[in-house]
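K.L.:
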Amino acid sequence: MNRTMIAALSLGGALMACASNPKAATTPTTTPQTSVAQGQGMGDGMGRGMGGGGDRMQQMQQMLFNGITLTSAQQAQIDSIQARHRGDMQGLDPRNNPGDRDKMRQLMQSRMDEIRAVLTPDQQAVFDRNVADMRARRGGRGMGGGQAGTPPAR
3 MNRTMIAALS
13 LGGALMACAS
23 NPKAATTPTT
33 TPQTSVAQGQ
43 GMGDGMGRGM
53 GGGGDRMQQM
63 QQMLFNGITL
73 TSAQQAQIDS
83 IQARHRGDMQ
93 GLDPRNNPGD
103 RDKMRQLMQS
113 RMDEIRAVLT
123 PDQQAVFDRN
133 VADMRARRGG
143 RGMGGGQAGT
153 PPAR
């Protein structure tokens, strides 16, 4: 009984210490590079089936647009593309349904192609490098199912 009480009090103390510093829980750990990375146009993730939620999607956006500064017109177009594709992916469950996995890959590749079309040629070069870097980090399991280093379709 004493050990249980000590463990409970220790846990309670740790929780109170964490709760007393709310800023620690909300301080971002990365420095955003572009307006997309700052959360403009970002939703709260791709839906329950995606598993990673908004944090993973926001990190992906930061990596995709690293080194790219978008105009307000480009930002608006990309926001629209993101919102449309987020809605298309909602409800898909790639972990339990192989058909959903294939559909999600197609939707992700389509989204990447549409976003790339909004960018200038210089921005596209940076975007392509960012995509290749992301695929390399994932061991070749790229967005849209491509191989590592394969540039998006043009």
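Sequential numbering of the sequence shown, starting at 3, is according to the working numbering. Here a beta-carbon is modelled for each residue, glycine too, at the ideal position from N, C-alpha and C. None of these values were measured; they are calculated from a predicted model.
(1) In angstroms, rounded to a whole number, what distance separates the CA positions of P100 and L94?
(2) Once DSSP output is grouped into helix, strand and coil, what is the label at G101?
(3) According to DSSP, is F129 helix, strand or coil?
(4) Less than 9 Å between the beta carbons of V128 and G69, yes or no?
(5) Looking at the unbroken alpha helix (DSSP H) that takes in Q76, where does it start and where does it end?
(6) Closest to A96 by C-alpha separation, out of H87, D90, M106, R88, would be which residue?
(7) Report buried or exposed for R113, applying the criterion of at least 16 other Cβ atoms within 10 angstroms of its Cβ.
(8) What's the C-alpha gap between D115 and D57?
P.N.:
For this structure:
(1) Sequence index remark: in the sequence shown, residue 100 carries index 98 (1-based). Sequence index remark: in the sequence shown, residue 94 carries index 92 (1-based). Using only the alpha carbons, I get a separation of about 10 Å.
(2) The count along the sequence shown starts at 1 and reaches residue 101 at position 99. Helix, per DSSP.
(3) One-based indexing of the sequence shown puts residue 129 at position 127. Residue state, collapsed to three classes: helix.
(4) Here residue 128 refers to the residue found at position 126 of the sequence shown. Here residue 69 refers to the residue found at position 67 of the sequence shown. Result yes, Cβ atoms of V128 and G69 sit closer than 9 Å.
(5) The residue given as residue 76 occupies position 74 in the sequence shown. 74-91 is the extent of the alpha helix (DSSP H) around Q76.
(6) Locating residue 96 in the sequence shown gives position 94, counting from the first residue. Reading off the sequence shown, one finds Pro at residue 96, where the question assumed Ala. The shortest C-alpha separation from P96 is found at M106.
(7) Here the question's residue 113 lines up with position 111 in the sequence shown. R113 should be labelled buried.
(8) Here residue 115 refers to the residue found at position 113 of the sequence shown. Here residue 57 refers to the residue found at position 55 of the sequence shown. So the two alpha carbons sit approximately 23 Å from each other.
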